[in-house]
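Asker: Here's a structure for you.
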Amino acid sequence: MTPVIETTQLRKTYSVGTQIVHAVDNVSLAIQPGEFIGLVGPSGSGKTTMLAMMAALLKPSEGCVSIDGLQLCDMNDRDRVLFRRQKIGFTFQSNNLLPYLSVLENVYLMLQLNQRTTKQDKEYAVEILDRLGMKDRLNNLPRQLSGGQQQRVSIARSLIHNPSVVLADEPTASLDTERAFQVVELYGNLIHEQNKVGVMVTHDLRMCKYVDRMIQMRDGKIDSILATREEIDSFISCG
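Numbering (the numbering used here), first residue to last: -15 to 223.
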């Protein structure tokens, strides 16, 4: 099976005064269709930098990221913007919903950016919000929603344009435990059903109960990969 995401000897270095900091250091990784990955590790381990390079938001210092067989390192800035818009869905920690747009308009905006404005596209926006329990909130503004509801809208927006890759940066950081579990379970279910790749950065190991593999980073490197339900559950219980 051909991986959807593949990183090859990926490095990201920064100069801090006279020191060279290796934020990501020689990481090679392959993620298959339908996989939901949990990317964990202490602060400064490199996981957020990894996510940013997968999202084509950050250029690697060395190595390359490929998505659907396309090498991001070969693209210019304009090509990366277009690629990101079409192929990648992103759920931010802060949701980043536009405050003056309704729930439906926030989700539909992603379709408009990709020039998808058919009746069927709009119906799909309503359908996916319904799946996420937000059908009765379509006309609400973000300020009229709870944190968990805003996060569900953010998830719908990340999936609406049928991306190959869906990335989430600490998607449950502002939620209580019950809402956090609900959000990640919904997120994982949709990724599996639509056979996409999902990568979630999280500090909360409990959220990894829904992932297929858990990748632990430390000092810019992959420290361990847990690939079975038993390994993941054992790690969570010890963490």
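A virtual CB, placed ideally from N, CA and C, is assigned to each residue, including glycine.
Small disclaimer: the values here were computed from a predicted structure and weren't measured.
Does the segment 42 to 52 touch the segment 110 to 117, meaning 3 or more C-beta pairs lie closer than 8 Å?
Answerer: The segment 110 to 117, when compared against the segment 42 to 52, does not touch it at the 8 Å Cβ threshold.
Asker: Within the continuous beta strand (DSSP E) that includes S50, where are the two ends?
Answerer: Translated into the one-based positions of the sequence shown, residue 50 becomes position 66. Here the beta strand (DSSP E) through S50 covers E46 to I51.
Asker: Can you tell me whether N90 is buried or exposed? The criterion is at least 16 other CB atoms within 10 Å of its CB, across all chains shown.
Answerer: One-based indexing of the sequence shown puts residue 90 at position 106. With 16 or more other Cβ atoms within 10 Å, it is buried.
Asker: Are the CB atoms of K(-4) and T33 nearer to each other than 8 Å?
Answerer: Position 12 of the sequence shown, counted from the first residue, corresponds to residue -4. Position 49 of the sequence shown, counted from the first residue, corresponds to residue 33. Yes; because the gap between Cβ atoms is below 8 Å, this pair is in contact.
Asker: How many angstroms separate the CA atom of E(-10) from the CA atom of D9?
Answerer: Taking the sequence shown and counting its residues from 1, the one referred to as residue -10 is at position 6. Taking the sequence shown and counting its residues from 1, the one referred to as residue 9 is at position 25. The alpha-carbon atoms of E(-10) and D9 are separated by roughly 15 Å.
Asker: Please return the same chain residues whose Cβ sits closer than 8 Å to the Cβ of L35, not counting the five positions on each side in sequence.
Answerer: Along the sequence shown, read from residue 1 onward, the residue named residue 35 stands at position 51. If we look at L35 and ignore the five residues flanking it on each side, its Cβ neighbours are L23, L151, D153, V183 and V185.
Asker: In this structure, how does DSSP classify L42 when only helix, strand and coil are distinguished?
Answerer: To locate residue 42, count along the sequence shown from 1; it is residue 58. DSSP places L42 in coil when its eight states are reduced to three.
Asker: How should D160 be labelled, buried or exposed, when 16 other C-beta atoms within 10 angstroms of its C-beta is the threshold for buried?
Answerer: The residue labelled residue 160 in the question sits at position 176 within the sequence shown. Per the 10 Å Cβ criterion, exposed.
Asker: Ends of the alpha helix (DSSP H) at Q135?
Answerer: The sequence position of residue 135 within the sequence shown is 151, counting from 1. Q135 -> alpha helix (DSSP H) spans G131 to L143.
Asker: Between S148 and V181, how many whole angstroms is the CB-CB distance? I'm expecting something under 8 Å.
Answerer: Counting from 1 along the sequence shown, the entry for residue 148 is found at position 164. Counting from 1 along the sequence shown, the entry for residue 181 is found at position 197. About 7 Å; that satisfies the 8 Å criterion.
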